[in-house]
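Residue numbers (the UniProt record's numbering): 3 to 679.
The beta-carbon is built from N, C-alpha and C at its ideal position, and this holds for glycine as well.
One structure is given below, encoded as C-alpha cells.
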Ligand code: ARG
C-alpha cells in the first residue's frame, strides 16, 4: 500500500528531501496534488519568509490544466506588496532544477506552476492503482487524513424525490431523485452515515379532493386496469370541476381586501358550500382517522409507492424510508402548535392560526399553521416532521433536496425554529434547491406515468443506436447495453445541469454519443476495457516504460487524472455535480487524443493501436496480423496467443489508471459502467 513511508521512498528516489515537509492542511494520502502543494509551500515559505501553512493557503487549483496545475495567488502570499514585485523576487530565488517543479511563470496576480511529467508519472500512477475504487471517492476527504478522522462517523439525513401522490411525477421530482441520490452516495463515500428518506406529498386537501373526485368519477374496473392512470384522470376531472369555486373564493378574498372587509369571512361564505365543503369535510374525516377515508387514502398511497419504486429501481435509487406528510403525528403537530402559541409566534386570525413573518425577523409574508376548519397545513406538518426526524435519527445534518418553489417555505421553517429557540436544529437543516422549471411534462404529454420517463429515454437511445452501426455493434452484443446507456444518458444530463438552470429533459441530446453525455462515457469506458482485457496494466514499470508517457498527450491526461480528488473535494463543498460531469468529459477528450495520436504515428510498432474503435468487432488477432505482415495474416489469425501487444506497458498502466478514474466518477454519478461480457 502507498502509505507515508512508501511514498517517502518514492520521493527519495526522485531526489526529494524526506521526511515530507509537514503541513496541517494537506491530504497527501488522498489528494496526490497535495504532495506538490506541500513541497511548493515549503519553498515559498522559505523564499518570502512566511510559514509554510500560510504559503499553502496561497496555492490554488486552476481547475483546467491549460492554466497550470497549481497557481500561487501572489497577493495572498505576501499581502500588501505588488504582485509583479513578488514575482520578480520569487523568480530570482526559485530553485533551479527542482525535482518537482520547472520554473513557474507569472500571469496577472498568479504564479502558474506546470508540473513536470516525469515525477508525475512515477508518483501518480502507483497512487491511483493502489487506491483504485477509493481514489477521489475516499472517505478521508470528508475528514482530514485517512489515518485521523476528525470525529466519529457523522449522521446525515437526506430527504429527496418526495412526489405528490395526486399528481404526475414531475420534472422537479425527477431532478430531486437524481440529485438526492447523488448527494447521498457522495456523502456515504465521504464517510457519513446516511439515511435516505422520501417525504411523500400524501396528505392534505388534495388527497381529500381526490376522494371527492373518486366518489363522482371513480370506477373500479378502470382502476383495476390502470390504477395510476385512472387516479390521475379522476383528479384531473375533479380539479376541473372545482376550478370555478376556487376562482370565486380568490375573487371574494381580493374584493374584501380592496374594501377593507374581513377576507376570511368573505372566503368562508364560499367555502362553506359545494366541492369546497365536501373537500374540507373529507379532509376532516381523514385527520380524524375515519376508517373509510383512511382505507381509500392507504390504497392510493400504496399503489403510488409501488409505481415510484419501479422507477427508482430502474434508476438505481433506494430509500431507507418512505415517509410522508401523512406520517407526521398529530401529537408532534400539537406540540409545535403549543410552543408557537405560548411564544406568541402564531396568532389567531378569522378562526385560522397564522404566523406573520415580520414578527420573526423576515421581511414579509404570512403562513397558515391551521386553517379555520382546524386542518393542519404543509408548514405545520413540516415543522413537526423535522422535529420528529431530529429525535428519531439524531442527525448532525439534514439535506432536503427540493425545488426552488419550496424556497420561501424552507426560509420560513428556518426562522420559525429560530424563533422557537431551536437555532441549533434550524442550522442543521439545509435546503438544497434547484430550478423547478422543467420541460418534462410538455414532452411526455398529459397524464403520463412515472415509467414513461424512462421509456421516453429508452426510445431515444434505441434510435441513436439504430443510427450508429459501430456503437450498436458494441452495445447490442451478448449483453444488451441499451438500458445501461439510457440510464447513463439520463443521469449524466440531470447531473450536468447546474442547480440554477432549468431542466431540459432533452432526450435527443442526452442519448447522443457526444462529449459530456452518458453514452459517450460508457463508450470510452468499454473501449478501455476492451484494450485492457488481454493486457491488464498493473505492473511495476521500468525506466524506459515511463518514457512514452512524457509526451504531451499522455502527460496531459495524467495531469488531469491527478485532479480527480480535487474535483470531488470541491464538489463536497459546492454540492454541484456538474463539475464532475465536466471533468469526466475532459478525461475522455484527452484519452481520445492519446488514442488518436497513436493512430497517426506508430503504425509499424503498434499496428492495432489505431483500430481500437473497431477492436470489439474484429476477430482476435486478425487486425494486427494483417497490418504488420499481410502475408502471414491467415496464420496469425488462427493463433491468437501470438497476438502482438499494441500498446506499451506504460500506456497500458495509464489506460488502467484512466479506467479507474472513469469508473469512480461514473459510479459517483450513479452510472453503472457497462461491461459487454
Ligand atoms: N412534495 C413537495 C413538492 O412536490 C416537496 C417536498 C419537500 N420537502 C419537504 N420536507 N417539504 O414540492
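Work out the CA separation of residue 192 and residue 345 for me, nearest whole Å. 40 Å
Classification of residue 325 by the beta-carbon crowding that lies within 10 angstroms, buried from 16 upward: buried
Take residue 65 and list the residues in its own chain whose beta-carbon comes closer than 6 Å to its own, dropping the five residues that flank it on each side. none
Give me, in chain order, the residues of the same chain whose beta-carbon lies closer than 7 Å to that of residue 362; leave out the 5 immediate sequence neighbours on both sides. 347, 417, 418, 421
For residue 400, which residues does DSSP report across the bridge? 159, 431
Can you list, in chain order, the residues of its chain with a C-beta nearer than 8 Å to that of residue 607? Leave out the 5 residues immediately preceding and following it. The predicted model places residue 607 with a pLDDT of 38, which falls under 50 and marks its position as unreliable; any figure quoted below should be read in that light. Cβ neighbours of residue 607 beyond the five flanking positions: none.
Rounded to a whole number of angstroms, what is the C-alpha to C-alpha distance between residue 480 and residue 519? 24 Å
Between the alpha carbons of residue 197 and residue 174, how many angstroms are there, rounded? 21 Å
Anyone know if the C-beta pair for residue 24 and residue 40 falls short of 9 Å? yes
Distance CB(residue 651)-CB(residue 510) smaller than 9 Å: no
Sort 492, 439, 655 by Cα distance to residue 461 and report the nearest one. 492
Which value, in whole angstroms, describes the spacing of the CA atoms of residue 399 and residue 430? 5 Å
What do you reckon, are the CB atoms on residue 689 and residue 282 nearer than 9 Å? Coverage of the chain is limited to positions 3 through 679, which leaves residue 689 absent and any answer about it impossible.
What is the DSSP secondary structure of residue 374, reduced to helix, strand or coil? coil
Residue interval of the alpha helix (DSSP H) (run including residue 349): No alpha helix (DSSP H) holds residue 349; the beta strand (DSSP E) holding it covers 348-351.
State yes or no: is the C-beta of residue 486 within less than 9 Å of the C-beta of residue 119? no
Can we count residue 405 as close to the ligand ARG, meaning its CB is less than 8 Å from some heavy atom? yes
Residue 310 to residue 230, Cα distance in whole Å? 11 Å
Only counting the same chain, and skipping five residues up and downstream in sequence, which positions put a Cβ closer than 8 Å to that of residue 331? 386, 390
Helix, strand or coil: which one does DSSP assign to residue 673? coil
Please classify residue 325: does DSSP put it in a helix, a strand, or coil? strand
Count the other CB atoms, across all protein chains shown, that sit within 10 Å of the CB of residue 564; report buried if there are 16 or more and exposed otherwise. buried
I want to know whether the region 301-308 touches the region 261-280 - three or more CB-CB distances under 8 Å. no
Residue 536 to residue 130 span [Cα, whole Å]: 20 Å
Less than 8 Å between C-beta atoms, sequence neighbours within five positions excluded: which residues of the same chain meet that for residue 584? 498, 518
Sort 342, 577, 500, 521 by Cα distance to residue 423 and report the nearest one. 342
Using DSSP with H/G/I as helix, E/B as strand and the rest coil, what is residue 172? coil
Going by DSSP in three states, residue 63 sits in which element: helix, strand or coil? coil
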